[in-house]
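Letter by letter, the sequence shown follows residues 1 to 266 of full-length UniProt numbering.
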Amino acid sequence: MSLNHLLSLVYNRLTQLLSTAPRGALSVTGILGLALLVYGYLQLRGNENQAEEQRRRRQEHAAAALPDPHPRPAAAGAAARAPAAAAAPVPSAPNAVSAASATPAGRAVAAQLTGVKRVTLSLPGVVFAESTPRELQESATSRGAPVLEVLGEMCRVSDLYLIAHVEDDVGEAVVTGSLEAAGLVGPGPGQVKPHHVLCCSTLEGKVPIVRQLEPDLHVDAHSASVDELRRFLPTLLLVREGSVAGQSYGASNVGLAPSLPAFFGL
Numbered sequence: 001m002s003l004n005h006l007l008s009l010v011y012n013r014l015t016q017l018l019s020t021a022p023r024g025a026l027s028v029t030g031i032l033g034l035a036l037l038v039y040g041y042l043q044l045r046g047n048e049n050q051a052e053e054q055r056r057r058r059q060e061h062a063a064a065a066l067p068d069p070h071p072r073p074a075a076a077g078a079a080a081r082a083p084a085a086a087a088a089p090v091p092s093a094p095n096a097v098s099a100a101s102a103t104p105a106g107r108a109v110a111a112q113l114t115g116v117k118r119v120t121l122s123l124p125g126v127v128f129a130e131s132t133p134r135e136l137q138e139s140a141t142s143r144g145a146p147v148l149e150v151l152g153e154m155c156r157v158s159d160l161y162l163i164a165h166v167e168d169d170v171g172e173a174v175v176t177g178s179l180e181a182a183g184l185v186g187p188g189p190g191q192v193k194p195h196h197v198l199c200c201s202t203l204e205g206k207v208p209i210v211r212q213l214e215p216d217l218h219v220d221a222h223s224a225s226v227d228e229l230r231r232f233l234p235t236l237l238l239v240r241e242g243s244v245a246g247q248s249y250g251a252s253n254v255g256l257a258p259s260l261p262a263f264f265g266l
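Here it is as structure tokens:
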């Protein structure tokens with residue numbers, strides 16, 4: 001209903017009341033009519049304002065839901081960088097010769113591990129003089145500086161994982177503490193990454209760990225583990241004191257050496 005129409009109805013009604021009202025009631029009727037007229041006007045204006053506000057909000061909401069036809073340059077730049085990063089080639093790992101140090105041990109390790117990308121090594125009896133979990137509860141003593149030097153050179157030219165069979169958390173702490181004290185654990189060249197030092201609670205548990213890592217070479221001092229793994233891995237080394245380096249151990253893919261340095265001709 002328009003404002004003019006409403007005012008017209010009110011005016012006609014007010015005229016009718018004024019013409020039929022008693023003479024003494026004209027003043028009261030006039031006041032009531034004027035009040036009715038003002039009330040109707042205010043009500044109509046309020047309804048129109050409310051309707052206009054609702055229309056404005058609906059228009060703003062619809063405009064916000066539409067896609068921006070002119071995106072910001074920063075957003076376009078980020079979208080352009082993402083495909084470029086996905087298409088960038090992954091840098092290749094350095095070869096053994098370029099990553100090795102210039103020392104005799106570095107050259108010997110690089111030559112022996114040519115083409116070898118990943119190595120797993122069981123610490124007891126190879127790097128540590130202790131060979132049983134019970135002994136590792138008390139101490140983890142390295143088998144000498146040459147062994148530690150070779151181990152560091154192996155880190156330079158291959159992805160090296162160290163594995164230890166321990167009884168519990170105490171044995172694990174002894175093993176990792178000894179490696180850290182020797183400076184072999186860390187992010188730098190010649191160091192083993194901290195998450196590459198693995199411990200297992202049973203000797204049998206070592207076999208699935210090694211198989212999952214799929215190394216090109218596995219080094220171990222326990223013949224039982226070597227016997228279990230030789231069917232699945234290309235090359236294994238059994239470290240056994242008193243043996244002669246270069247001998248085979250019951251299979252063409254298993255070698256023998258009295259120590260880790262001896263395997264590299266040191």
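From the three backbone atoms N, C-alpha and C, an ideal C-beta is built for every residue, glycine too.
None of these values were measured; they are calculated from a predicted model.
- Query: Looking only at its own chain, which residues have a Cβ that is under 8 Å from the Cβ of M154, when we skip the five neighbours before and after it?
  - Reply: Excluding positions up to five away in sequence, the list reads V109, L113, V119, L121 and L160.
- Message: Could you tell me which whole alpha helix (DSSP H) segments of length 4 or greater appear in the region 147-203?
- Response: 169-181
- Query: Could you give the residue range of the beta strand (DSSP E) that holds S122?
  - Reply: R118 to S122
- Message: According to DSSP, simplified to helix, strand and coil, what is L229?
- Response: helix
- Message: Once the 5 residues before and after G106 are set aside, which same chain residues still bring their CB inside 6 Å of it?
- Response: A100 and E153
- Query: Distance, Cα to Cα, R211 vs P146?
  - Reply: The straight-line gap from Cα to Cα measures roughly 28 Å.
- Query: Tell me which same chain residues have a C-beta within less than 7 Å of the C-beta of residue 351, skipping the five on either side of it?
  - Reply: Limits of the chain in this structure are 1 at one end and 266 at the other, which puts residue 351 out of reach.
- Message: Quick check on DSSP: helix, strand or coil for F264?
- Response: coil
- Message: In the DSSP assignment, the alpha helix (DSSP H) including G115 goes from what residue to what residue?
- Response: G115 -> no alpha helix (DSSP H), and no H or E assigned at all.
- With 16 as the cutoff for other CB atoms within 10 Å, does D220 come out buried or exposed? buried
- Item | Close Cβ partners of P258 (< 8 Å) along its chain, the five nearest in sequence each way excluded | V239, R240, E241, G242, S243, V244 and A245
- In three-state terms, what does DSSP make of residue 279? Because residue 279 is not part of the residues shown, which for the chain are 1 to 266, the question remains open.
- Task: For S259, name the three-state secondary structure that DSSP assigns.
- Result: coil
- Message: Within 10 Å of its beta-carbon, does P124 have 16 or more other beta-carbons around it, so buried, or fewer, so exposed?
- Response: Within a 10 Å sphere around the beta-carbon of P124 sit 16 or more other beta-carbons, which makes this residue buried.
- First through last residue of the alpha helix (DSSP H) which encompasses R134: P133 to L136
- In whole angstroms, what separates the C-alpha of L233 from that of P208? 12 Å
- Span of the beta strand (DSSP E) holding V244? Run containing V244: none; DSSP gives neither H nor E here.
- Alpha carbon to alpha carbon, what distance is there between L184 and L237? The alpha-carbon of L237 is positioned some 21 Å away from that of L184.
- Task: Taking 8 Å as the cut-off, decide whether the C-beta atoms of P133 and V166 are in contact.
- Result: yes
- Query: Between which two residues does the beta strand (DSSP E) containing D220 stretch?
  - Reply: L217 to D220
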